[in-house]
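Counting in numbering that gives the first Met the number 0, the sequence shown runs from 0 upward without gaps.
The C-beta atom is built at its ideal place from N, Cα and C for all residues, glycine as well.
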Amino acid sequence: MIPDRTKNAGATAGLPSSASSSDTSRTAGQAGSGTPADWANSLHDLARLYGSASAEASLLHTREKQRARRSTGSLDLLEWSRRHLSEHFVRPPSLMHRWLAGRLDAARRDRGTKLNVLAPRGAAKSTLGTLAMPLLAALEGWEPYIWIVS
């Protein structure tokens, strides 16, 4: 049943009966209010508001993540690797492991760093450089793209 707009138009939209008909035409959710052009303008306004609110929320989320990361202080690569990838780091780190982990930690701060490492087979170069470091970067979100060239 369609409400009679001539009698107490405000009451049909949940407004006090003193509301004018121009007020009720702007009430959200009222069937048949406005013209298609008004609807298009309203949808455009809603889309614009949603876009700006979404962008602002994304920016706030990114800033909060950065603040949290700074306040907790990330573990260095070797410490993180020994804690979270213990099945790959069963022996104590050698001097080469410490050097490589230090270079990879520095690469975290100096974006665009390229590193070429030559060491004997089985020295855990790949374990640190292509397993632990990309995992840590992905989890902490400090490097969106990582190239691994072998």
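Taking only the alpha-carbon atoms, compute the straight-line gap between residue i and residue j and give it to the nearest angstrom.
i       : j       : result
Val-116 : Pro-91  : 20 Å
Leu-114 : Thr-126 : 15 Å
Ala-100 : Ser-41  : 56 Å
Trp-146 : Trp-38  : 49 Å
Leu-77  : Leu-94  : 12 Å
Trp-98  : Ser-80  : 15 Å
Ala-46  : Arg-62  : 24 Å
Thr-52  : Thr-34  : The residue you asked about is not Thr; residue 52 is Ala in the sequence shown. Going by the C-alpha atoms only, they are around 27 Å apart.
Ser-21  : His-60  : Its pLDDT being 48, under 50, Ser-21 is placed unreliably by the model, and nothing is read from it.
Helix, strand or coil for residue i per DSSP?
i       : result
Arg-90  : coil
Asn-40  : helix
Pro-119 : coil
Arg-97  : helix
Asp-75  : coil
Gly-140 : coil
Lys-113 : coil
Whose CA, out of the options, lies closest to the CA of residue i?
i       : options                            : result
Gly-140 : Val-148, Ala-118 and Arg-108       : Arg-108
Ala-136 : His-43, Ala-36, Met-95 and Arg-110 : Arg-110
Leu-134 : Arg-120, Arg-82 and Trp-98         : Arg-82
His-96  : Arg-62, Ala-131 and Tyr-49         : Ala-131
Thr-112 : Ala-122, Leu-138 and Tyr-144       : Tyr-144
Using a Cβ-Cβ cutoff of less than 7 Å, which residues in the same chain neighbour residue i once the five nearest sequence positions on both sides are dropped?
i       : result
Asp-75  : Ala-100 and Asp-104
Ser-19  : The predicted model places Ser-19 with a pLDDT of 46, which falls under 50 and marks its position as unreliable; any figure quoted below should be read in that light. Hits under 7 Å: none found.
Arg-120 : none
Glu-142 : Ala-136
Arg-151 : What the structure shows of the chain is the stretch from 0 to 149, and residue 151 is not part of that stretch, so it cannot be assessed.
Whose C-beta lies closer than 6 Å to the C-beta of residue i among residues of the same chain, with five residues either side of it excluded?
i       : result
Ala-106 : Thr-112
For the pair the segment 80-97 and the segment 125-140, tell me if three or more CB-CB distances fall below 8 Å. yes
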